[in-house]
Every structure is written in structure tokens, then in C-alpha cells.
Amino acid sequence: MAQEASSVRNARRAGMITTRGHTVRTGPELSSTPMVVRSREEEETVVTFPHLVWKEFLAGLAMMVFLLAVSVQINAPLLQPANTAVTPNPAKAPWYFLGLQELLERFPPVMAGVIFPGMVLVGMVLVPYLDRNPSRRPEDRKLAIGLFTVYVTMAVAFVIIGTVFRGPNFSWYWGQVLGHPGLNSKV
Amino acid sequence: MSSGSYEQNPIKAFASEVWGSVFRHGLPTTDKVAARTALTNFFLHIHPVRVKKSAIRVSYTLCLGGLSFFLFIALTISGLFLMFYYIPSVGQAYQSIKDIQYVATFGLVMRNIHRWAAHAMVITVWLHMARVFYQGAYKPPRQFNWVIGTALLLITLLLSFTGYLLPWDQLAVWAITVGTNLGKYGPIVGPVSRYIMLGGRNVGQSALTRFYVLHVIALPLIGFVLMVIHFWRVRKDGFTGGL
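Protein chains in written order, with the working numbering: chain A, 8 to 194; chain B, 1299 to 1541.
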């Protein structure tokens, strides 16, 4: 893609291409001189309808088929009626908060419950204002991409650990992976 | 309408007049017609008329934002259906879920769709954020749209979390008990925010009422408004396109 764009740019500089669809504004004063156009305008565009709308339609259709297929096969969980006298063991938060629960297992509450999530939340919101690097190319953004990848890896790993590898008393547990007769984590 | 249409079958002519009054343009045979169609159709109008070819490559966007919105719509429709049957009362909630599963026509599959779409939406919204980050698409002039996006991620999590309680089974009540306990470590606001959220010290009827109202009205409305702003800004700032 980048090669294609640069070859267009070179061809245009050499005066071989003077106009390219409607994206390039041509006038008598421009067509007589070799054009140097902003890279933004060199990019090829297509009409949204149908090109983008068609892709959106197909993506939606695929998701609908997927959802229906899953929903016909797998039932949403429904356990015994709520009973505040009986605490299941382990008691787990919804899976997307299990990273947080995992942190609380490993660090003192103030660190795990306040400082870490606070830093992630505030950091996340402020990302565009903290990152002063104007380039969008991955090779210029090694630090940003590195830091974000650390966050992504830890978030995914902690959620998987909390979901799969935490058993009774939220202690480490291989049963869900290896199978353990007589043990059922869903009380 | 061409003059020849008066000689047609009058019913056909009337039908074509009605059709033409709703859809002002035919199929996009040329770019010009396609552009006019996009401009004059309310639903297509949330898109720009033209987009960069590189910006709509599936390998670039992975369709994640669009899929998140699609899931939101699927959740709204299936959720509306569930609301016809669900009773947000400690004594009746569980039984009404049983009714949805075993009595209501297609109730089981509707509930399944709602549940799995909710999980899927948490994943697609989060992946959408990761995709935008890795492509640096939050850089000027799109900084504030990233902030709105993080708010939308938070709304998505809260929607999922509030919905989690509604079946009022052991999974629901204890997950919310543990989940709200996670929040109580905050200095001063921690315990207070938990109390406000649950409407008491334990997960009971007040918590169920609050979670229900947040889940079916407040959060979807806030989310919808934020989505409108999010899409509008995407449209105004243009698509970022290839790197």
C-alpha cells in the first residue's frame, strides 16, 4: 500500500499523472505545473454506499449467524435461587473484573484496589494527551506500543488466571484444566 | 418521474410514487447516485459520502467498532423482549427467568442471545480500543473521541455488571457481592459508592431495583448519547486510514 502510494507520488512529480479522479482539485494554474499534493489527497477513495455499507452488512450478518449458532447450542447459566446464607466457594466477580480480584489476591488492598486500577483508568483516559509523539508508524512508537502491550498481556493473563486457575478459597487450582473428579467449582 | 409513467398501470404508478417518496434514489449504479443516496438517507448519512479505500479494509478495522454497535442493537432488541417477562423483585425475579426459559416462545434462545451478545460486546469494545491504540488513531485531531471511547467502554462494563444481578440466582448475587466489594477499597468514596450503588449494605431488593433501572434505562440512554457523539466525531474527523 505504501509502495503504491509512493509510486503514485513519484509518477505525479514526474508529471506523468496530472489528475486522479475527483480527489485532486485541478485548475488551469495547477495542471500546467507538476503537482505536489498533500498525501491525504493522494489516497484513493471509494463511495461509502455501497462499499462500506456492504462490508458492515456482511459483518453484521456474520455476527448474527455466530450469535444464533452459539445461543442455540449453549444455554446461559442459571444456578440455584439466590441464598445469602450459602456462600459459594470460590465466590467470583464477573470475568471482566477477575483481573481486579486477582490483583487483590496478590497485593495489599490499597495498591490493588485503588492505586493500580486508578492508574490504569486515569492513564487510559489521558492516553492521547500524554502521548506527544505525532507519528502513527509502529517503528516510531516503540515505547507506547511496548507499554500498552504490557497492559494487554497482563489484563488478559489475569482474567484467564482468575477464570480458569482459581478454585476454592480463590487459591491456585488445576482442576478446571486437568479435570478433577468430585470437585465442582460452580457451587 | 418521467412523462411515460402516466400511461402505465395506475396501481404500478401509485406504488412507484410511494416507493419514490420514501427512497429518493435508486440503486447506486454510478458514484454520483451513490453519493446522493448516502446524503439523502438518514441511516446512511452517519457515514461520510466517500471514504479512503485503506480505511475500510477489513484487515485494518477488523470491523470491531461496527460489531460493537451491532451487538448493542442486538442487545437492545433481545433485552426489550426479556423485559416483557422479567419482574425485578427479589421474590419473583428468579421465577420469571424460569418462565422466560421454559414458558415464553423462543424465550430460552432470546435469553441466550442476550447473555452471549453481552459477553461478546465487552470483548469487541475492548479489542476495538486495543486496535485504535495500536494504530495510533487517537492522535490529533481525535484525542477527545478516545476519551469518549473510554467512557463507552466503562458504560459497557457497567451495563454487563448491572445485568449480571438480574437473574437473582447464586451466580448473580455472589458475583455482585464480590464485585462491589472490590470497589470498597477506595479512600472515603469506596464504601460510600458501594452503599449508593447497592442502596444498602448488602445485595437486596434496593440493589436489584437500582441495578434494573440502571440496566434498562439509564446506562443504555447515556451509552446511546455517547455513541452518537462518538460516531459524529468519527465522521467529522474522517477515517484515519492506512499507516
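We treat Cβ as the ideally placed atom computed from N, Cα and C, and that holds for glycine.
When rounded, the separation of the alpha-carbon atoms in MET1427/B and ARG1492/B is 28 Å.
Residues of chain B whose Cβ lies closer than 8 Å to the Cβ of GLN108/A are, in chain order, VAL1476, LEU1480.
Annotation for TRP1466/B: VAL1388, ALA1391, TYR1392, ILE1395, LEU1506 place their beta carbon closer than 8 Å to its own, counting only its chain and skipping 5 residues before and after. Inter-residue distance for LYS1482/B and HIS1323/B is about 57 Å (C-alpha atoms, whole angstroms).
According to DSSP, ARG173/A shares a beta bridge with TRP179/A. HIS1417/B is positioned such that its CB atom lies no closer than 7 Å to that of THR1460/B. In the three-state scheme derived from DSSP, where H, G and I count as helix and E and B as strand, VAL1487/B is classed as helix. In summary, VAL79/A is exposed, with fewer than 16 beta-carbon neighbours lying within 10 Å of its beta-carbon over all protein chains present.
Within the region 1492-1524 of chain B, ASN1500, VAL1501, GLY1502 place their CB atoms closer than 9 Å to a CB of chain A, listed in sequence order. Cβ proximity to chain B below 8 Å picks out ALA66, GLY67, MET70, MET71, LEU74, LEU75, VAL77, SER78, VAL79, ILE81, ASN82, ALA83, PRO84, LEU85, LEU86, GLN87, PRO88, ALA89, ASN90, THR91, VAL93 from the region 65-93 of chain A.
Contact between the region 91-107 of chain A and the region 158-170 of chain A is established, with three or more Cβ pairs separated by less than 8 Å. If you draw a straight line from the Cα of MET1495/B to the Cα of SER1314/B, it is about 55 Å long. Flagged as an interface residue toward chain B: ARG143/A, by a C-beta distance shorter than 7 Å.
Going by DSSP, ARG1429/B is part of the alpha helix (DSSP H) stretching over 1405-1432.
Just so you know, the alpha carbons of TYR1432/B and TYR136/A end up roughly 16 Å apart.
Within its own chain, the residues whose Cβ lies closer than 6 Å to the Cβ of THR1422/B, once the five positions on either side in sequence are excluded, are LEU1362, LEU1365, SER1366, listed in chain order. Ranked by Cα distance from PRO101/A, the first of ARG1429/B, TYR1436/B, LEU1457/B is LEU1457/B. Within the region 163-180 of chain A, contact with chain B at the beta-carbon level (separation under 9 Å) is assigned to no residue.
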